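The structure appears below as structure tokens.
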Amino acid sequence: MNENVVVKTKNSKGLVALVIVLILLVIGMGSYIIYDKVFNVKESDKVVDKKETKKEEQIKISEEELEKYLATVPMVLEDDGNESGSNNDAYSGEKSTMETIDKTTTIYPMVFDKTNKVEDSVIRNSSDSEVRGFANKCTTEEELKNKLKETYDYSELVNEFPYPGGAVKKSSDNLYCTFYGRGAAGLEKVNKIIDYKTDNDELIVLEKAGFVTGEYYEFEVFKTTKKDESVYKYKVDENSELTNASSAGKNYIKENIQDFYTFKHTFKKGSNNNYYWYSTEIEY
325 MNENVVVKTK
335 NSKGLVALVI
345 VLILLVIGMG
355 SYIIYDKVFN
365 VKESDKVVDK
375 KETKKEEQIK
385 ISEEELEKYL
395 ATVPMVLEDD
405 GNESGSNNDA
415 YSGEKSTMET
425 IDKTTTIYPM
435 VFDKTNKVED
445 SVIRNSSDSE
455 VRGFANKCTT
465 EEELKNKLKE
475 TYDYSELVNE
485 FPYPGGAVKK
495 SSDNLYCTFY
505 GRGAAGLEKV
515 NKIIDYKTDN
525 DELIVLEKAG
535 FVTGEYYEFE
545 VFKTTKKDES
555 VYKYKVDENS
565 ELTNASSAGK
575 NYIKENIQDF
585 YTFKHTFKKG
595 SNNNYYWYST
605 EIEY
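The sequence shown maps to residues 325 to 608 in this note's numbering.
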């Protein structure tokens, strides 16, 4: 009978030990699960923080750099002279893309202005008599094509396009030269950057802008390059400097910029990681 008591006591002690081990296992597993969840949450927070920091770093673009992008938005450099303008550029008031704008009056003259010009001696020694006799400034076909590719990721050239006061023509020795022969009123933009946002694929810039055009001593301000919404006219005395009227128009836009349209410009990233103008539309 005493032996039975001993056996029962030993069995009871074993059972208690087993229960204690199970309890410790449960506590251990629970502690691990809680720790794992807390640790993962903290790690997730770190990942989010890193992403947000990276995103903030991506959108830091200086105003000077933004202005450089805006300088590539296709715009006519001179007024077409019509009472109701037919200027077909990114600021016409309609959604514009490279497929819808008139490239000959926008990107070609804009790019020509950015090219390196040849020396006067090259013009004087050209095999093309028209270049020798009438050309004002020239660049090479290769330079124009490279600058077009660099600015718009586009490389198709034409043989002739309008240029303020005349035209640019391709010569027989593959020079692109300006030839003047007519007077034309310039078309100038006055703008203010409102906002921008960017990611890995595109850059969007919001810009308010107005346009000044005119000739002699009379200038007019418009909301688009179509000249369909005149908002201000200015005329100076004939004895005054011509730039006074233009300056008055520019000052009017600056002082009333909030009344002008906000243009939304989208730039897409190309294969070389540079942003190129893609489209423009009015942001209502």
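The C-beta atom is built at its ideal place from N, Cα and C for all residues, glycine as well. Owing to the predicted nature of the structure, the values given are computational and were not obtained by experimental measurement.
What's the C-alpha gap between residue i and residue j?
i	j	result
Leu499	Ser451	10 Å
Tyr585	Lys574	15 Å
Phe436	Thr463	8 Å
Glu512	Ala533	10 Å
Val443	Asp477	In the sequence on display, residue 443 carries Glu and not Val. Whole-angstrom Cα-Cα distance: 27 Å.
Lys494	Gln582	43 Å
Thr522	Thr604	16 Å
Lys610	Tyr576	Outside the modelled stretch of the chain, which goes from 325 to 608, sits residue 610, for which no answer is possible.
Gly510	Phe535	10 Å
Asn515	Ala572	15 Å
Ser479	Lys559	42 Å
Val482	Lys469	10 Å
Arg448	Arg456	5 Å
Ser453	Pro433	23 Å
Glu418	Ile425	10 Å
Glu402	Lys384	34 Å
Tyr600	Phe503	30 Å
Asn598	Asn524	11 Å
Glu544	Asn580	14 Å
Thr396	Thr475	7 Å
Ser496	Leu394	34 Å
Lys375	Tyr608	In this prediction, Lys375 scores a pLDDT of 43, lower than 50, which makes its location untrustworthy; no coordinate-derived value is stated.
Val330	Ile351	Legend: pLDDT at Val330 = 46, less than 50; position of this residue unreliable, no value from coordinates given.
Thr537	Val492	22 Å
Glu484	Glu465	12 Å
Glu423	Ser416	14 Å
Ser554	Ala414	18 Å
Pro398	Asp561	34 Å
Phe587	Lys427	19 Å
Ser595	Ile606	28 Å
Going by DSSP, name the residue or residues bridged to residue i.
i	result
Asp519	Leu530
Thr464	Leu499
Lys384	Note: Lys384 sits in no beta bridge, so no partner.
Pro486	Ala491
Ser554	Phe546
Phe436	DSSP, once it has assigned bridges, lists no residue as partnering Phe436.
Lys513	Phe535
Lys593	Tyr599
Phe584	Partner(s): none; Phe584 has no beta bridge.
Glu605	Lys588
Thr475	BP columns for Thr475 are empty, so no partner.
Lys578	According to DSSP, which records beta bridges pairwise, Lys578 is partnered with nothing at all.
Tyr504	Gly490
Glu402	Gly510
Ser445	DSSP, once it has assigned bridges, lists no residue as partnering Ser445.
Lys559	Glu542
Return yes when the C-beta of residue i is under 7 Å from any heavy atom of the ligand NAP, and no when it is not.
i	result
Lys384	The ligand NAP is not among the ligands present in this structure, which contains no ligands whatsoever.
Tell me, to the nearest whole angstrom, how far the beta carbon of residue i is from that of residue j; I am working on the premise that it is less than 8 Å.
i	j	result
Thr421	Tyr602	7 Å
Val400	Thr430	6 Å
Cys501	Lys471	With a Cβ gap of about 15 Å, Cys501 and Lys471 do not count as contacting.
Glu387	Ile518	Between Ile518 and Glu387 the Cβ distance is about 11 Å, and since that is not below 8 Å, they are no contact.
Tyr556	Leu390	So it is not a contact: roughly 27 Å between Cβ atoms.
I'd like to know whether the C-beta of residue i is nearer than 8 Å to at least one C-beta of chain B.
i	result
Asp403	Considering every chain present, this structure includes no chain B. It has just one protein chain.
Below 8 Å, how does it come out for the segment 540 to 551 and the segment 482 to 492: are there three or more Cβ pairs, yes or no? no
Under 8 Å, with one C-beta from each stretch per pair, do the segment 591 to 600 and the segment 524 to 532 reach the 3-pair mark? Counting Cβ pairs under 8 Å, three or more are found: they touch.
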